[in-house]
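S.K.: What follows is a structure written as structure tokens; I'll ask about it next.
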Amino acid sequence: MSNFSLGAKARSAGYRLAGFDTIGSTNTEALAAAAAGDPGGIWFAALQQTEGRGRRGRQWMSPPGNLAASLLIVPDADPDTIATLGFVAGVALNRALSSILPQGMIRVGIDGADGLDGRSRIALKWPNDVLADGAKLAGILLEASKTPAGNTAIVVGCGVNVVAAPEGVPYPATSLRALGVDRTAEDVFEALTDAWVETFALWDDGRGIGTILELWRGSAAGIGAPVAVTQDGLVRRGIFETIDSSGRLIIRDDTGARFPITAGDVHFGATASARS
């Protein structure tokens, strides 16, 4: 049986919770709540998803014991600003993990401002993944819909590999258990709900996006390294220079030209350097 609970900060901020052992998709449940007129501020959390999905309709496998969590909100911001909520979720998830993982596994703050020596084992991958030792540990999916009143509702979905990583996927994946971390999905969820309250307050309906992006850069994977981005079958290679004020990935190619990337599949390391 699941034993999900909100963190103290989330409870104080008025968030609500619907917890499940097994569900088709927490994002689907949240979208249904939006369609029914829920005002937002409610988390849906489950230990197993049978119909989970990731970006571009890809399946997100979530076996028993992993965390699937989705937050329904109705933010007061324009659509372009709302799109940056993925970075809010990334920073919040990074902060949540930093609060429950052993010291030295994760870097938070601005450009490693926490003072940890060496490279962080856990980092954020543009646009919406969390990596551990270069393998996918967690993913984030934003979906939008309209409320009956015509407002834009956003579902922020987070999937964390707590006890197991999916097999047969086209990218390396890992779990907290594989990293030697003995924490439960409920532990991760409670930490996430409190970290969300803090990070969402910094975002401040989009007015604080500069702060959020600076925090995201400070925990990013691959800045300054070769990167390859696949878009509709085409591959652009270069150096991952930064993310700009809109959250676009900026690539610098061999000629020194800079190109903004708004969407695509990102690869680092040998894959990024290959010229096949």
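So this note's numbering is basically just the index in the sequence shown, starting at one, shifted up by 796. Glycine included, every Cβ here is placed at the ideal spot set by N, Cα and C. What you are looking at is a predicted structure, and each value in this text was computed from that prediction instead of being measured.
Please classify N862: is it buried, with 16 or more other beta-carbons within 10 angstroms of its beta-carbon, or exposed?
M.R.: Numbered from 1 along the sequence shown, position 66 holds the residue referred to as residue 862. Buried: at least 16 other Cβ atoms inside 10 Å.
S.K.: Which same chain residues, not among the five before or five after A1075, have their C-beta less than 6 Å away from its C-beta?
M.R.: The structure shown has nothing for residue 1075, since the chain only spans 797 to 1072.
S.K.: By DSSP, does T989 sit in helix, in strand, or in coil?
M.R.: Taking the first residue of the sequence shown as position 1, residue 989 is located at position 193. Three-state result, T989: helix.
S.K.: Just list the residues that DSSP pairs V952 with in beta bridges.
M.R.: Counting from 1 along the sequence shown, the entry for residue 952 is found at position 156. The partner list for V952 (beta bridge, DSSP) reads L867, L938.
S.K.: Is I1046 near the ligand COA, going by C-beta to nearest heavy atom under 7 Å?
M.R.: Ligands displayed in this structure: none; no statement on the ligand COA is therefore possible.
S.K.: Kindly indicate which three-state DSSP category E1037 falls into: helix, strand or coil?
M.R.: Your numbering for residue 1037 matches position 241 in the sequence shown. Strand.
S.K.: At the level of alpha carbons, what is the spacing between T880 and F840?
M.R.: Taking the sequence shown and counting its residues from 1, the one referred to as residue 880 is at position 84. Taking the sequence shown and counting its residues from 1, the one referred to as residue 840 is at position 44. Between T880 and F840, the C-alpha separation is close to 21 Å.
S.K.: Closer than 6 Å by C-beta to F1055: which residues in its own chain qualify, once you throw out the five before and the five after it? Chain order, please.
M.R.: In the sequence shown, the residue the question calls residue 1055 occupies position 259. Excluding positions up to five away in sequence, the list reads I1047.
S.K.: For S1072, which residues of its own chain have a beta-carbon under 8 Å away from its beta-carbon, when the five flanking residues on both sides are left out?
M.R.: By 1-based counting over the sequence shown, the position of residue 1072 is 276. With a pLDDT of 36 at S1072, under the threshold of 50, the modelled position of that residue is not reliable, and the figure given next carries that caveat. Cβ within range, chain order: n/a, list empty.
S.K.: Between V1025 and G1002, how many whole angstroms is the CB-CB distance? I'm expecting something under 8 Å.
M.R.: Position 229 of the sequence shown, counted from the start, is the residue given in the question as residue 1025. Position 206 of the sequence shown, counted from the start, is the residue given in the question as residue 1002. V1025 to G1002, Cβ: 25 Å. No contact.
S.K.: Taking 8 Å as the cut-off, decide whether the C-beta atoms of N823 and L937 are in contact.
M.R.: Within the sequence shown, the letter at position 27 stands for residue 823. Within the sequence shown, the letter at position 141 stands for residue 937. Closer than 8 Å, so yes.
S.K.: Let me confirm a value: T846 is counted as buried when at least 16 other C-beta atoms fall within 10 Å, else exposed. Which label applies?
M.R.: Reading the sequence shown from its first residue, position 50 is the one you call residue 846. With fewer than 16 Cβ atoms within 10 Å of its Cβ, T846 is classed as exposed.
S.K.: When we look at the beta-carbon of A865 and count the other beta-carbons within 10 Å, is it buried (16 or more) or exposed?
M.R.: Stepping through the sequence shown from its first residue, residue 865 is reached at position 69. Result: buried.
S.K.: With distances taken Cα to Cα, identify the nearest neighbour of T1051 among R1044, S1042, I1035, I1057.
M.R.: Mapped onto the sequence shown, residue 1051 falls at position 255. Nearest option by C-alpha distance: I1035.
S.K.: With three or more C-beta pairs closer than 8 Å as the rule, is the segment 890-897 touching the segment 871-878?
M.R.: No, the segment 871-878 is not in contact with the segment 890-897.
S.K.: Please classify G810: does DSSP put it in a helix, a strand, or coil?
M.R.: As a working mapping, residue 810 is identified with position 14 in the sequence shown. Coil, per DSSP.
S.K.: So if DSSP puts L1030 in a beta bridge, which residue, or which two residues, is it bridged to?
M.R.: Start at 1 with the first residue of the sequence shown, and residue 1030 comes out as number 234. The partner list for L1030 (beta bridge, DSSP) reads Q1027.
S.K.: Taking only the alpha-carbon atoms, compute the straight-line gap between P968 and A997 and give it to the nearest angstrom.
M.R.: Indexing the sequence shown from 1 puts residue 968 at position 172. Indexing the sequence shown from 1 puts residue 997 at position 201. Approximately 33 Å, taken between the alpha carbons.
S.K.: Helix, strand or coil: how does DSSP classify W999 here?
M.R.: Locating residue 999 in the sequence shown gives position 203, counting from the first residue. Here W999 sits in helix by DSSP.
S.K.: If you compare alpha carbons, which of G976, N924, R1033, G1004 is closest to A1021?
M.R.: Numbered from its first residue, the sequence shown carries residue 1021 at position 225. Ranking the options by Cα distance to A1021, first place goes to R1033.
S.K.: What span of residues does the alpha helix (DSSP H) with P835 cover, start to end?
M.R.: Translated into positions along the sequence shown, residue 835 becomes position 39. Unbroken run through P835: none, as it is neither H nor E.
S.K.: So what's A1021 in DSSP terms, helix, strand or just coil?
M.R.: Numbered from 1 along the sequence shown, position 225 holds the residue referred to as residue 1021. DSSP places A1021 in coil when its eight states are reduced to three.
S.K.: From this set, L1011, S801, P944, A940, which residue's C-alpha is nearest A831's C-alpha?
M.R.: On the sequence shown, residue 831 is found 35 positions in, with the first residue counted as 1. Cα-wise, what sits closest to A831 is P944.
S.K.: V1023 and K921 - do their beta-carbons sit closer together than 8 Å?
M.R.: Position 125 of the sequence shown holds residue 921. Position 227 of the sequence shown holds residue 1023. It is not a contact, given that the beta carbons lie outside the stated cut-off.
S.K.: Compute the Euclidean distance between the alpha carbons of E986 and D1040, then round it to the nearest angstrom.
M.R.: As a first step, residue 986 must be located in the sequence shown, where it is residue number 190. As a first step, residue 1040 must be located in the sequence shown, where it is residue number 244. Going from the Cα of E986 to the Cα of D1040 covers about 31 Å.
S.K.: Any idea what DSSP makes of G882, helix, strand or coil?
M.R.: What you label residue 882 is simply residue 86 of the sequence shown in a count that begins at 1. Helix at G882.
S.K.: Assuming R807 contacts G837 (C-beta within less than 8 Å), just tell me the rounded distance between them.
M.R.: Working through the sequence shown from its first residue, we reach residue 807 at position 11. Working through the sequence shown from its first residue, we reach residue 837 at position 41. About 11 Å separates the two Cβ atoms, so there is no contact after all.
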